[in-house]
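Encoded as structure tokens, the structure appears first; notes follow it.
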Amino acid sequence: MIKYIFAFVIIIAIILVAITVGANNDQVITFNYIIAQSELQLSSLVAILFGFGLILGWLITGFFYLKLKLKNITLTRQVKRQTQQINELTTSLDKAAQ
Numbered sequence: 001m002i003k004y005i006f007a008f009v010i011i012i013a014i015i016l017v018a019i020t021v022g023a024n025n026d027q028v029i030t031f032n033y034i035i036a037q038s039e040l041q042l043s044s045l046v047a048i049l050f051g052f053g054l055i056l057g058w059l060i061t062g063f064f065y066l067k068l069k070l071k072n073i074t075l076t077r078q079v080k081r082q083t084q085q086i087n088e089l090t091t092s093l094d095k096a097a098q
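Here you go:
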């Protein structure tokens, strides 16, 4: 439930930022990138760069989340294997002691 509320708040924040950026910046500027240049409205350029940064941030966060998730899976398997080995050793020691 908290996850859905958090997602809703993020979506509302993005919409508010987009409306705020688009409402006040109607200047036309020349944007130079490595191989070309184009003329864009400042609001469009800010919205594009904001969206690009948002997507890039999600991708980087997703990569590290996936990496940690895989590490957690391997460590969980290792703990289960070691627990099983400990149980086998204790039962064999108990049988040998009797």
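Residues in the sequence shown are numbered from 1 upward in steps of one, following the UniProt record's numbering.
The beta-carbon is built from N, C-alpha and C at its ideal position, and this holds for glycine as well.
- A direct Cα-Cα distance of roughly 38 Å separates S43 from K69.
- DSSP links E39 through a beta bridge to T30.
- In the three-state DSSP reduction, N25 falls in the coil class, being neither helix nor strand.
- Per the Cβ contact rule, the stretch 35-52 is in contact with the stretch 7-22 (3 or more Cβ pairs under 8 Å).
- For the set L45, E39, L59, the Cα lying nearest the Cα of A18 is the one of L45.
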